[in-house]
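K.L.:
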Amino acid sequence: MKYLAAPYTHEDPAVRERRMAIFYHWDAKLMREGHFTVSPLHKTETANREKIPSDWVYWEQYSYELLDKCEELIVLMMPGWVESIGVQGEIAYATKLGLPIRYIGVATHYE
36 MKYLAAPYTH
46 EDPAVRERRM
56 AIFYHWDAKL
66 MREGHFTVSP
76 LHKTETANRE
86 KIPSDWVYWE
96 QYSYELLDKC
106 EELIVLMMPG
116 WVESIGVQGE
126 IAYATKLGLP
136 IRYIGVATHY
146 E
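Residue numbers (the numbering used here): 36 to 146.
Here it is in structure tokens:
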């Protein structure tokens, strides 16, 4: 299993929507290549429909539980990934676990 990380939180709903479109594109691409991916971002629809918080404080433990079961962290380097508390937390935890981390450059222009 591969953990797929990308930024999500932003005050502009259009930016969040674009981030999810990029996430889904890369998730599908990786799956077509034979990688089994997991991510808290797969829960975005549930969280939005049921008013579950979207902040790192809420999702931190969930993310760690997933990372504990993964063999690699894949980081989508879209705008906002460096500033993302969640992505940086996922990188730090994966590093602590000794997981390999793969960074994928994502060319976008929306922020």
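Just so it is clear, CB atoms sit at the ideal spot from N, CA and C, and this is done for glycine as well.
Helix, strand or coil: how does DSSP classify Gly140 here?
P.N.:
In the sequence shown, residue 140 corresponds to position 105, counting from 1. Gly140 falls in the strand class under three-state DSSP.
K.L.:
Taking DSSP as the reference, what is the three-state secondary structure of Tyr38?
P.N.:
The residue you call residue 38 lines up with position 3 of the sequence shown. Strand.
K.L.:
Is the distance from the Cβ of Tyr138 to the Cβ of Ile109 below 9 Å?
P.N.:
Stepping through the sequence shown from its first residue, residue 138 is reached at position 103. Stepping through the sequence shown from its first residue, residue 109 is reached at position 74. Cβ atoms of Tyr138 and Ile109: closer than 9 Å.
K.L.:
In chain order, which continuous runs of the alpha helix (DSSP H) of length 4 or greater are located wholly inside the stretch 40-87?
P.N.:
48-67, 79-85
K.L.:
By alpha-carbon positions, which one of Glu125, Lys37, Val117 ends up nearest to Tyr99?
P.N.:
For the purposes of this step, residue 99 is taken as the residue at position 64 of the sequence shown. Checking every option, the nearest Cα to that of Tyr99 belongs to Glu125.
K.L.:
Could you compute how far the alpha carbon of Tyr93 sits from the alpha carbon of Ala82?
P.N.:
For the purposes of this step, residue 93 is identified with residue 58 of the sequence shown, where counting begins at 1. For the purposes of this step, residue 82 is identified with residue 47 of the sequence shown, where counting begins at 1. Approximately 11 Å, taken between the alpha carbons.
K.L.:
Tell me which same chain residues have a C-beta within less than 8 Å of the C-beta of His117, skipping the five on either side of it?
P.N.:
Residue 117 sits at position 82 when you count from the first residue of the sequence shown. The question names His, but residue 117 in the sequence shown is Val. Excluding residues within five positions, the ones whose Cβ falls inside 8 Å are Gln123.
K.L.:
Report back the beta-carbon spacing between Met113 and Val141 to the nearest angstrom; my notes put them in contact at under 8 Å.
P.N.:
As a working note, residue 113 is residue 78 in the sequence shown. As a working note, residue 141 is residue 106 in the sequence shown. With a Cβ gap of about 4 Å, Met113 and Val141 count as contacting.
K.L.:
In the DSSP assignment, the alpha helix (DSSP H) including Val92 goes from what residue to what residue?
P.N.:
Counted from its first residue, the sequence shown places residue 92 at position 57. Val92: member of the alpha helix (DSSP H) spanning 91-103, first to last residue.
K.L.:
Determine the DSSP secondary structure at Val110, reduced to helix, strand or coil.
P.N.:
By one-based count along the sequence shown, residue 110 stands at place 75. If DSSP states are grouped into helix, strand and coil, Val110 belongs with the strands.
K.L.:
Taking only three categories from DSSP, how would you classify Glu125?
P.N.:
Residue numbering aside, residue 125 sits at position 90 when the sequence shown is read from its first letter. The answer is helix: DSSP assigns Glu125 an H, G or I state.
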